[in-house]
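Protein chains: 2
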Amino acid sequence: MGAGRMAGGTKAEPRKTPRAQSVYRALRRAILEQALRPGTKLPEDSIGEELGVSRTLVRDAFGRLALEGLVELTPNRGASVAYPTLEEARDVFEVRQALERQVMLSLAGRLSPAEIARLEDHVRREQDAQGRDGPESIRLAGEFHIILAEISGNALLSRYVQEVSSRCSLILAVYGRPHSSECAVSEHRQIIDALRKGDAATAIALMEHHLEAVAARAVLAPRTPDDLALVLKPYARSEGLIAP
Amino acid sequence: MGAGRMAGGTKAEPRKTPRAQSVYRALRRAILEQALRPGTKLPEDSIGEELGVSRTLVRDAFGRLALEGLVELTPNRGASVAYPTLEEARDVFEVRQALERQVMLSLAGRLSPAEIARLEDHVRREQDAQGRDGPESIRLAGEFHIILAEISGNALLSRYVQEVSSRCSLILAVYGRPHSSECAVSEHRQIIDALRKGDAATAIALMEHHLEAVAARAVLAPRTPDDLALVLKPYARSEGLIAP
DNA sequence: CATTCTAAAATCGTATACAATGTTGATTAT
DNA sequence: ATAATCAACATTGTATACGATTTTAGAATG
Numbered sequence: 511m512g513a514g515r516m517a518g519g520t521k522a523e524p525r526k527t528p529r530a531q532s533v534y535r536a537l538r539r540a541i542l543e544q545a546l547r548p549g550t551k552l553p554e555d556s557i558g559e560e561l562g563v564s565r566t567l568v569r570d571a572f573g574r575l576a577l578e579g580l581v582e583l584t585p586n587r588g589a590s591v592a593y594p595t596l597e598e599a600r601d602v603f604e605v606r607q608a609l610e611r612q613v614m615l616s617l618a619g620r621l622s623p624a625e626i627a628r629l630e631d632h633v634r635r636e637q638d639a640q641g642r643d644g645p646e647s648i649r650l651a652g653e654f655h656i657i658l659a660e661i662s663g664n665a666l667l668s669r670y671v672q673e674v675s676s677r678c679s680l681i682l683a684v685y686g687r688p689h690s691s692e693c694a695v696s697e698h699r700q701i702i703d704a705l706r707k708g709d710a711a712t713a714i715a716l717m718e719h720h721l722e723a724v725a726a727r728a729v730l731a732p733r734t735p736d737d738l739a740l741v742l743k744p745y746a747r748s749e750g751l752i753a754p
Numbered sequence: 511m512g513a514g515r516m517a518g519g520t521k522a523e524p525r526k527t528p529r530a531q532s533v534y535r536a537l538r539r540a541i542l543e544q545a546l547r548p549g550t551k552l553p554e555d556s557i558g559e560e561l562g563v564s565r566t567l568v569r570d571a572f573g574r575l576a577l578e579g580l581v582e583l584t585p586n587r588g589a590s591v592a593y594p595t596l597e598e599a600r601d602v603f604e605v606r607q608a609l610e611r612q613v614m615l616s617l618a619g620r621l622s623p624a625e626i627a628r629l630e631d632h633v634r635r636e637q638d639a640q641g642r643d644g645p646e647s648i649r650l651a652g653e654f655h656i657i658l659a660e661i662s663g664n665a666l667l668s669r670y671v672q673e674v675s676s677r678c679s680l681i682l683a684v685y686g687r688p689h690s691s692e693c694a695v696s697e698h699r700q701i702i703d704a705l706r707k708g709d710a711a712t713a714i715a716l717m718e719h720h721l722e723a724v725a726a727r728a729v730l731a732p733r734t735p736d737d738l739a740l741v742l743k744p745y746a747r748s749e750g751l752i753a754p
């Protein structure tokens with residue numbers, strides 16, 4: 511198939527979208543929705559064929575996804591959907607807390623009525639999706655954090671929060687047990703309340719508790735010997751088997 | 511020039527390094543050392559020719575540098591060295607503080623003797639380079655923060671700190687006034703001390719003060735109307751000319 | 001039957017080719 | 001002379017081509 515699709519012809523549709531971007535987004539969604547499960551091998555050829563583009567664009571997308579931690583890139587051996595280790599998981603959660611703490615600080619007492627409305631509207635949608643436990647509910651719960659970061663007005667902070675959120679999704683896909691996210695809705699409401707009142711300390715405490723609940727879901731299924739060690743260590747410590 | 515350099519020939523050197531990585535690093539250094547000044551246009555052809563590689567690799571490097579905020583990528587119009595706005599600068603400094611705060615929390619009271627030695631050794635090198643005010647001194651001062659993040663053992667935190675540090679360099683290249691970094695050395699020593707004593711609060715306070723000093727150097731030369739507004743706003747507020 | 005070597009296939013790394021878009025400078029009409 | 005128009009040029013977007021490396025399958029050997 512030729513590169514530039516019909517130039518002359520009869521109408522010449524605008525062809526606005528840069529296709530590289532589309533490839534990136536498609537792969538990203540496929541990974542986050544677990545259509546591509548962690549560990550899946552990703553040959554450039556097949557993927558490109560599947561998406562109707564050349565290896566060039568697929569490769570480009572892989573590069574970006576690798577920087578975001580969603581794809582693992584081994585030299586001369588190609589790409590695969592990242593399979594986060596528990597150590598990486600710990601790192602991600604730690605950074606996420608630091609970032610979201612900053613979001614709370616930026617937002618406390620500075621939410622405009624329109625922004626509060628936007629957040630409450632979102633929480634309402636979360637509650638609606640509550641029953642149907644499909645991926646919809648999980649996606650919405652995650653988006654709450656992204657919206658908060660967006661409202662902070664700090665583009666970099668927003669980008670980083672989005673990145674760690676994505677990686678959290680992947681981590682939960684590997685280590686998380688299925689779990690109803692009932693608590694999320696009420697916790698989100700409390701956070702909005704604290705932010706409106708300008709109570710930064712409470713907002714931060716709530717957020718930390720909330721994220722710890724998310725993290726707690728991930729500390730379960732050890733896969734590698736190293737992961738096993740990480741899971742067992744706190745128990746060993748609490749029993750006085752190893753030094754703190 | 512052919513792709514795969516001599517296969518037969520007489521010796522066939524190993525050719526270990528992936529060239530894409532080299533291109534990326536070369537451009538990165540060139541930008542950070544201001545050999546390529548902010549705003550400089552970066553045509554794929556010329557750069558590739560200069561570096562002895564094809565556009566493919568240059569393009570790949572541009573993609574990565576753009577994600578790190580060092581290069582600006584405009585669709586169909588190519589790449590240029592990023593010219594950060596003051597708003598971006600504010601964002602970067604804010605995120606940097608949040609991240610380095612986390613580094614302090616991770617490190618306070620947990621530095622091993624070897625790690626303390628490494629840090630003190632680095633500070634000693636900073637002091638040596640003090641006199642010769644070349645770029646050497648600035649680079650070393652920046653590296654102190656990167657080493658701290660590295661010691662934290664959190665790979666993601668380390669990557670993010672490195673990224674915001676790079677962007678800070680670029681920001682100072684645009685807005686910073688030349689300024690002796692005498693204070694840096696003694697401040698760095700104080701931080702090590704606080705960390706060794708396990709005094710997280712003091713370490714955080716010192717780091718924040720230190721970073722604010724860096725940030726203060728950047729708030730000077732407004733370039734765009736928007737930047738001008740950002741610079742003047744705090745003054746206007748302090749004079750009661752606009753509402754806080 | 002397990003193991004090591006080898007040849008073929010698959011896949012990656014990089015360069016080049018071609019189409020599409022943007023830029024520039026000359027030409028013409030006002 | 002100035003502004004609008006269009007052709008030549010420059011540069012980006014994407015596909016294809018080709019050498020290099022890794023993986024796999026099969027044959028030969030112990």
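Those protein sequences? They're chains P and V, same order as listed.
Position 192 of the first sequence, counted from 1, bears residue number 702 in this note's numbering, the numbering being contiguous throughout.
Position 142 of the second sequence, counted from 1, bears residue number 652 in this note's numbering, the numbering being contiguous throughout.
We treat Cβ as the ideally placed atom computed from N, Cα and C, and that holds for glycine.
Measure the beta-carbon distance from residue i to residue j and round it to whole angstroms, keeping in mind my assumption that it falls under 8 Å.
i: D555(P); j: R565(P); result: 6 Å
i: L583(V); j: F572(V); result: 6 Å
i: V633(V); j: H698(V); result: 5 Å
i: E610(P); j: L721(P); result: 7 Å
i: F603(V); j: A725(V); result: 5 Å
i: L716(V); j: I541(V); result: With a Cβ gap of about 30 Å, L716(V) and I541(V) do not count as contacting.
i: P594(P); j: R539(P); result: Between R539(P) and P594(P) the Cβ distance is about 18 Å, and since that is not below 8 Å, they are no contact.
i: N664(V); j: D601(P); result: 5 Å
i: L596(P); j: L537(P); result: About 25 Å separates the two Cβ atoms, so there is no contact after all.
Quick one: is residue i near chain P, going by C-beta distance under 7 Å?
i: E673(V); result: no
i: E630(V); result: no
i: Q531(V); result: no
i: D601(V); result: yes
i: V633(V); result: no
i: Q700(V); result: no
i: R733(V); result: Here the model assigns R733(V) a pLDDT of 47, short of 50, so the residue's position is not dependable, and the following value carries that caveat. No - not a single Cβ of chain P is within 7 Å of the one on R733(V).
i: P548(V); result: no
i: P553(V); result: no
Should residue i be flagged as near chain V, meaning a C-beta pair shorter than 7 Å?
i: V581(P); result: no
i: A608(P); result: yes
i: V563(P); result: no
i: A665(P); result: yes
i: V724(P); result: no
i: L567(P); result: no
i: P594(P); result: no
i: V605(P); result: yes
i: L577(P); result: yes
i: P623(P); result: no
i: P645(P); result: no
Would residue i and residue j qualify as a contact pair, given that the criterion is a beta-carbon distance under 7 Å?
i: L580(V); j: A592(V); result: yes
i: L567(P); j: V533(P); result: yes
i: V563(V); j: R529(V); result: yes
i: L621(V); j: L705(V); result: yes
i: V671(V); j: A659(V); result: yes
i: L615(V); j: A723(V); result: no
i: Q544(V); j: A639(V); result: no
i: A589(P); j: L546(P); result: no
i: I661(V); j: E625(V); result: yes
i: L617(V); j: V605(P); result: no
i: G641(V); j: G708(V); result: no
i: I702(V); j: L629(V); result: yes
i: A608(V); j: A627(P); result: no
For the ligand NAD, is there any heavy atom lying closer than 6 Å to the beta carbon of residue i?
i: L542(P); result: The ligand NAD is absent from the structure shown, which contains no ligand whatsoever.
Checklist entry - Which runs of the alpha helix (DSSP H) fall wholly inside the segment 525–593 of chain P and span at least 4 residues, in chain order? => result The segment 525–593 of chain P contains these whole alpha helix (DSSP H) runs: 529–542, 554–561 and 565–577.
Checklist entry - Of all the alpha helix (DSSP H) runs that stay within the bounds of the segment 642–714 of chain V, which reach a length of 4 or more residues? => result As summarised for the segment 642–714 of chain V, the continuous alpha helix (DSSP H) elements at least 4 residues long and confined to that stretch are 645–661, 665–685 and 692–707, given in chain order.
Checklist entry - Could you give the uninterrupted runs of the alpha helix (DSSP H) lying entirely in the segment 593–626 of chain V, keeping only those of 4 residues or more? => result Correct list: 596–617.
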